[in-house]
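The sequence shown begins at 8 in the numbering used here and counts up by one.
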Amino acid sequence: MLGEHPVGVVLLTRDMAASRRFYAEYLGLEVAEESESAITYRSGGTDLTVTSSTVGSKDEQTKASWKVRDLRAELDQLAERGVHPEEYDTDELRTVDGIADHAGVWSAWITDPDGNSLGIEQPK
Numbered sequence: 008m009l010g011e012h013p014v015g016v017v018l019l020t021r022d023m024a025a026s027r028r029f030y031a032e033y034l035g036l037e038v039a040e041e042s043e044s045a046i047t048y049r050s051g052g053t054d055l056t057v058t059s060s061t062v063g064s065k066d067e068q069t070k071a072s073w074k075v076r077d078l079r080a081e082l083d084q085l086a087e088r089g090v091h092p093e094e095y096d097t098d099e100l101r102t103v104d105g106i107a108d109h110a111g112v113w114s115a116w117i118t119d120p121d122g123n124s125l126g127i128e129q130p131k
C-alpha cells in the first residue's frame, strides 16, 4: 500500500530562477534533478519538486512543512540568509517572534518567491 512509501511534494512556480535561488541557496536544499521545467530537491530523505506553471499557486494554505529539532536555530539560520518567518495575529493564530504555540508543536511559516506557504515545526 502507499502508506509504506515516502511521499513527495510538488509546488508550482512562475519564476524558476527565483525559486531555485530560494530553495537551493536560502533554504540549503540539495538539487537532485533539474530540467527546464522542474527541479527536484532532496530534504531529509524525501523529495520536493518545483515545477514551472504559468499561473503559480492559487491558495495561501501551507504547501509543505519540515519537522526540526530546534525551530529557533533554524529560523536564525534562515534570517542570516534574508528569510524571515511570517507574523500572524488573528483569532485562530498568533505568533511571537514568528513562532506559534500549537497543541504539541511550535510552528513557523516562511513564504517562497511564488507565495507558497512553507511550515517549519518543532515537537514540544
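Yeah, the Cβ is synthetic: ideal placement off N, Cα and C, and Gly gets one too.
Near the ligand NAD: residue i beta-carbon under 7 Å from a heavy atom
i    : result
S124 : Inclusion of the ligand NAD in the displayed structure is not the case, the ligand content being empty and no account of it being possible.
Among the options, the one whose alpha carbon lies nearest that of residue i
i    : options               : result
Y30  : G111, T47 and K74     : T47
W73  : T61, V38, L34 and L19 : L34
V112 : L100, P130 and L125   : P130
D119 : P13, H91 and D54      : H91
DSSP bridge partner residues for residue i (one or two, in chain order)
i   : result
E43 : Its beta-bridge partners do not exist; DSSP assigns none.
Straight-line gap, residue i to residue j (C-alpha atoms, nearest Å)
i   : j    : result
D83 : E43  : 32 Å
R28 : I117 : 15 Å
E81 : V75  : 8 Å
Inset, instruction - Indicate whether the contact test is met: 3 or more Cβ pairs, each with one atom in the segment 37-46 and one in the segment 94-103, closer than 8 Å. - result: no
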